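Novice: Before anything else, here's the structure in question.
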Amino acid sequence: MAAMSVIGIDFGNESCYVAVAKAGGIETIANDYSLRATPSYIAFSGKNRILGVAAKNQQITNMRNTVYGLKRLLGRRFNDPQVQREMQLLPFTVIETASGGAGIKVNYLNEDQVFSPEQCLAMLLTKLKDTSATALQTPVNDCVISVPSYFTNNERKALLDAACIAGLNVLRLFNETTATALAYGIYKQDLPGPDEKPRNVVFVDCGHASLQVSACAFNKGKLRMLATTADSHLGGRDVDLILADYFCKEFQTKYRIDAKSNARAFVRLLAEVEKIKKQMSANSTTLPLNIECFMEDKDVRSEIKRADMEAMCTSLFQRVEVTLRQCLEQSGLALEDIHSVEVVGGSTRIPAIKSLIEKVFHRTASTTLNQDEAVSRGCALQCAMLSPAVRVREFNVTDTQNYPISLSWDASSDGESSGEIEVFPINHSVPFSKMLTFYRREPFSIRASYTGNIPYPDRNIGMWTVRDIHPTADGRSQKVKVKARVNLHGIMYISSASLIESKEAEAEVVEEQNEKVNESTEAPQNETSNGQPEEGEEKKEKKKKQLVKSTELPIESLTVGFSQVEINQYTEQEFKMIAADRQEKERADARNALEEYVYELRGKLSSEDELASFILDADRDNLIQQLDDMENWLYEEGEDCNRQVYQDKLTELKAKGEPIQVRRLEHELRPTIIEEFARSLQLANKVVEQFRAKDPKFAHINDEEIKKVEQAVMQNYKWLEQARTQLNGTPKFLPPPITVAQIRQERSNFENTVSPIVNKPVPKPESPPKESKENNTDGVDKEQKHHSNANHEQPTQNSTQEENMEWSAS
Numbered sequence: 001m002a003a004m005s006v007i008g009i010d011f012g013n014e015s016c017y018v019a020v021a022k023a024g025g026i027e028t029i030a031n032d033y034s035l036r037a038t039p040s041y042i043a044f045s046g047k048n049r050i051l052g053v054a055a056k057n058q059q060i061t062n063m064r065n066t067v068y069g070l071k072r073l074l075g076r077r078f079n080d081p082q083v084q085r086e087m088q089l090l091p092f093t094v095i096e097t098a099s100g101g102a103g104i105k106v107n108y109l110n111e112d113q114v115f116s117p118e119q120c121l122a123m124l125l126t127k128l129k130d131t132s133a134t135a136l137q138t139p140v141n142d143c144v145i146s147v148p149s150y151f152t153n154n155e156r157k158a159l160l161d162a163a164c165i166a167g168l169n170v171l172r173l174f175n176e177t178t179a180t181a182l183a184y185g186i187y188k189q190d191l192p193g194p195d196e197k198p199r200n201v202v203f204v205d206c207g208h209a210s211l212q213v214s215a216c217a218f219n220k221g222k223l224r225m226l227a228t229t230a231d232s233h234l235g236g237r238d239v240d241l242i243l244a245d246y247f248c249k250e251f252q253t254k255y256r257i258d259a260k261s262n263a264r265a266f267v268r269l270l271a272e273v274e275k276i277k278k279q280m281s282a283n284s285t286t287l288p289l290n291i292e293c294f295m296e297d298k299d300v301r302s303e304i305k306r307a308d309m310e311a312m313c314t315s316l317f318q319r320v321e322v323t324l325r326q327c328l329e330q331s332g333l334a335l336e337d338i339h340s341v342e343v344v345g346g347s348t349r350i351p352a353i354k355s356l357i358e359k360v361f362h363r364t365a366s367t368t369l370n371q372d373e374a375v376s377r378g379c380a381l382q383c384a385m386l387s388p389a390v391r392v393r394e395f396n397v398t399d400t401q402n403y404p405i406s407l408s409w410d411a412s413s414d415g416e417s418s419g420e421i422e423v424f425p426i427n428h429s430v431p432f433s434k435m436l437t438f439y440r441r442e443p444f445s446i447r448a449s450y451t452g453n454i455p456y457p458d459r460n461i462g463m464w465t466v467r468d469i470h471p472t473a474d475g476r477s478q479k480v481k482v483k484a485r486v487n488l489h490g491i492m493y494i495s496s497a498s499l500i501e502s503k504e505a506e507a508e509v510v511e512e513q514n515e516k517v518n519e520s521t522e523a524p525q526n527e528t529s530n531g532q533p534e535e536g537e538e539k540k541e542k543k544k545k546q547l548v549k550s551t552e553l554p555i556e557s558l559t560v561g562f563s564q565v566e567i568n569q570y571t572e573q574e575f576k577m578i579a580a581d582r583q584e585k586e587r588a589d590a591r592n593a594l595e596e597y598v599y600e601l602r603g604k605l606s607s608e609d610e611l612a613s614f615i616l617d618a619d620r621d622n623l624i625q626q627l628d629d630m631e632n633w634l635y636e637e638g639e640d641c642n643r644q645v646y647q648d649k650l651t652e653l654k655a656k657g658e659p660i661q662v663r664r665l666e667h668e669l670r671p672t673i674i675e676e677f678a679r680s681l682q683l684a685n686k687v688v689e690q691f692r693a694k695d696p697k698f699a700h701i702n703d704e705e706i707k708k709v710e711q712a713v714m715q716n717y718k719w720l721e722q723a724r725t726q727l728n729g730t731p732k733f734l735p736p737p738i739t740v741a742q743i744r745q746e747r748s749n750f751e752n753t754v755s756p757i758v759n760k761p762v763p764k765p766e767s768p769p770k771e772s773k774e775n776n777t778d779g780v781d782k783e784q785k786h787h788s789n790a791n792h793e794q795p796t797q798n799s800t801q802e803e804n805m806e807w808s809a810s
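Numbering (full-length UniProt numbering), first residue to last: 1 to 810.
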């Protein structure tokens, strides 16, 4: 069962998918609503949290406390332009926290509370974890979660923190583009060999909130990402907003109502617009929009054509084309080198986007992959590869670094100048480590930052201070080697620093080959801090022969993200909320069980065909009155009682209702049970009669045994007749003097007494002396003939064989 818990999570802005790697392949898990997509929604109420499908279903009635769009808020500060833009679209309240982060203010358990986007995401991941565990019937721990390729260090760390709070062990944060490529490539049997020209495939992923385009080179057993470009503010919802804005203006003119002033009306409009957008993908005719009781008790009507939508969204589609061309340029591929263009994501179904793909790549968009589930399937495959619990076909994955990363350091006290170097250029292979060499006599700091164009206001990645550095005995600088790494999650950090006893010259940078997983094929290079080559090869040879002593140095890091103390605190808070949700569910279930029993029993008491004839009229009227009172209590003071109160009330009602139901059940079952008992008696009596008639079939039973059977038949006939008389004389509304269970027991006792006798096997006849084959004229053994005749003998209707079958059936 361990292999069953290897899951991949596609975390989307609108909805999430979970896939599992099993022995038979990859399977997408259905949630408790039998849907494969779980909306990325969390709602809060006075009693509990509501997650996933149920949260989205109640959004209209609980606007202020229904949280969604978390992907756009993760790892960002309140004054971030993206957060400010999102706040205009979200109906719930986002405030600035004491640390400058974005806090989501909701009313939970009847008091105002503030949760970070990471905490809210942890709640959603808890739901996905629970759904997976229920579907797989085994605890879930290890997983791979998808991230947009354009996510920076801060956003990736925020997602990891959320998963940690939810109790998930993330083996890898996997770029959505790479997950899609893996889902495509691993099943392809016709990929070119390792030494052949690779198959180049472009993947276009346009989802709810962003567009990502990637180029990938496939060879047998491996894939290498060539380039990835993205527009992080271009998705299906942007089309929805343009259409909604168009209808808002029309309604203002036509109906004198402003939909934007009413959050509930605007959310309803967005939902209807999304439906029309989907219809447009398959229909170019005029499509109607009708919303009843839209706003101020007014019904609204309008219509739109696909051509109108495309005209309105021209600027969006121009941005799509720019992103497609950027990917083509960065990949360095000629159009004839591209094998195919695969599309995933819901918004790639828009015909205008398909046309742009054809225009840029001169290829018709191919839909080999499941457009909604490809990312989750790729994540599940990656999780299976990283987990020791599952055996998967070998497939090597080399991902790329989306933005160039530079390291900088301050000047030292002994005159060494400050410096900066681009350590990981754009589209560099990841995961990867690089070694930097410094000469220092005191602790120093290294800062990492993004260079180039990134969709994040803060380019800073972090600062690491290397401690415990002292001058040598003669006052000279020490040689310090620092390892910078971009790990499997795509997060850059300083992984180690070592003091090396050496007296060589200035700073140098050496790339190290990565671990076995996703090895890079790039050859190591040696650089100095200013990019100049090092001194001659002879010195290097001499250096290699030196014995060096390496001492690990402590590193202090200053990066964004929660501290371990905060994660522990939030994890504890999450567990408390899970317990509160479970308690509320049990309370609601107990209340529903009581309510259901009240309706069910009252309905049956009112029906002559059900329970009415099994209770006196006066008692029935009294019990119906009690049930009416219980119903009124449930909707008044009994609305918010604890679970035990409901369970006690149900027990009290069942003590009155169940005896009536038992009487009815006894009445229905009794004729069949008595008939079966009588039949058993008749069968036994028939055996006695055949024995008395000297039937040879029963010659092996002796007189004493047959008398025992006869006596048992007589006694049980008498008991059964008395039981019938008693039962027929008892009214239906009284408890039966003899129960069905007692009749069954009497029959069982009787059969246990007579069955060994009437089913007694016939003793085997003695074998006749063997005759030689020469005396057998037909060449068949006489004994075989005897058995053959016996086997083919047709039994009579009342033969022992038939009776034995009856006994075993009973």
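Note that CB positions come from ideal geometry on N, CA and C, so glycine has one too.
A quick note: this is a predicted structure, and the numbers were derived from the prediction, not measured.
1) In three-state DSSP terms, what is I353?
2) Mapping the DSSP letters down to three states, classify V762 as helix, strand or coil.
3) Buried or exposed for K56, going by 16 or more other Cβ atoms inside 10 Å?
4) Under a three-way DSSP split, which group does F218 fall into?
5) Rounded to a whole number of angstroms, what is the C-alpha to C-alpha distance between T739 and Q626?
6) Can you give me the C-alpha to C-alpha distance between A43 and Q59, rounded to a whole angstrom?
7) Name the DSSP beta bridge partners of K342, please?
8) Can you tell me whether DSSP reads Q532 as helix, strand or coil?
9) Which residues does DSSP pair with D231 in a beta bridge?
10) Leaving out five residues before and five after E111 in sequence, what residues of the same chain have Cβ atoms less than 8 Å from its Cβ?
11) Between the C-alpha atoms of D32 and N642, what's the straight-line distance to the nearest angstrom?
12) Check whether the Cβ of W464 lies closer than 8 Å to any Cβ atom in chain E.
13) Would you tell me roughly how many angstroms separate the C-alpha atoms of Y439 and L488, rounded to the nearest one?
14) Could you please give me the residues that DSSP links to P39 through a beta bridge?
15) Taking the continuous beta strand (DSSP E) assigned at D142, which residues delimit it?
16) According to DSSP, I405 sits in a beta bridge with which residue or residues?
17) Leaving out five residues before and five after S15 in sequence, what residues of the same chain have Cβ atoms less than 7 Å from its Cβ?
18) Count the other CB atoms within 10 Å of the CB of T286; is the residue buried (16 or more) or exposed (fewer)?
19) Short of 6 Å in beta carbon distance, which residues of its chain neighbour H208, apart from the five on each side in sequence? Order them along the chain.
20) Over what stretch of residues does the alpha helix (DSSP H) that includes E595 continue unbroken?
21) So for I186, helix, strand or coil by DSSP?
22) Would the beta-carbon of G729 be found less than 7 Å away from any heavy atom of the ligand ATP?
23) Assuming the contact rule is C-beta atoms closer than 8 Å, Y403 and G452 should be a hit. Round their C-beta distance to whole Å, please.
24) Mark P761 as exposed unless 16 or more other C-beta atoms lie within 10 angstroms of its C-beta, in which case mark it buried.
25) State the start and end residues of the unbroken alpha helix (DSSP H) segment that holds V114.
26) Run through DSSP, which three-state label would K549 get?
27) Give me the Cα-Cα distance between I446 and T138, rounded to the nearest whole angstrom.
28) Beta-carbon separation of I9 and C143 under 8 Å?
29) Per DSSP, which residues does residue 815 bridge with? Please list them.
30) Rounded to the nearest angstrom, what separates S116 and N62 at their Cα positions?
31) First and last residue of the alpha helix (DSSP H) that includes L159?
32) Going by Cα to Cα distance, which pick from T66, S281, L124 and C379 is closest to V106?
33) At what residue ranges does the segment 235-267 contain a whole run of the beta strand (DSSP E), taking only runs of 3 or more?
34) Tell me the rounded alpha-carbon separation between K782 and K694.
35) Going by Cα to Cα distance, which pick from R199, T551 and V598 is closest to K654?
36) Within a Cβ cutoff of 7 Å, which residues of the same chain sit near V300, ignoring the five residues on either side of it in sequence?
Specialist: Judging by the given coordinates:
1) helix
2) coil
3) buried
4) strand
5) 29 Å
6) Approximately 8 Å, taken between the alpha carbons.
7) Reading off the sequence, residue 342 comes out as Glu, not Lys. Partner(s): F203 and S366.
8) The pLDDT assigned to Q532 is 32, lower than 50, so where the model puts this residue is not dependable; a value taken from the coordinates is nonetheless given after this. Reduced to three states, the DSSP call for Q532 is coil.
9) D231 is bridged to L211.
10) none
11) The C-alpha of N642 is placed about 25 Å away from the C-alpha of D32.
12) Checking the listed chains, one finds no chain E in this structure; it contains a single protein chain.
13) 30 Å
14) Residue pairing by DSSP places P39 opposite S15 in a beta bridge.
15) D142 to V147
16) For I405, the beta-bridge partners assigned by DSSP are F424 and Y450.
17) A37, T38, P39 and S40
18) T286 is exposed by the Cβ-count criterion.
19) N13, E14, G235, G236 and R237
20) Q564 to L605
21) coil
22) As for the ligand ATP, it is missing from this structure, which has no ligand bound.
23) 5 Å
24) exposed
25) It is not in any alpha helix (DSSP H) - V114 instead sits in the beta strand (DSSP E) that spans E111 to F115.
26) coil
27) 45 Å
28) With contacts defined as CB atoms closer than 8 Å, I9 and C143 qualify as a contacting pair.
29) Only positions 1 to 810 of the chain appear in this structure, which leaves residue 815 out of reach.
30) 19 Å
31) N153 to I165
32) Nearest option by C-alpha distance: T66.
33) Those beta strand (DSSP E) runs which fall completely within the segment 235-267 and span 3+ residues do not exist here.
34) Legend: pLDDT at K782 = 44, less than 50; position of this residue unreliable, value from coordinates given subsequently. C-alpha separation (whole angstroms): 29 Å.
35) When C-alpha distances from K654 are compared across R199, T551 and V598, the shortest belongs to V598.
36) F251, Y255, I291 and F294
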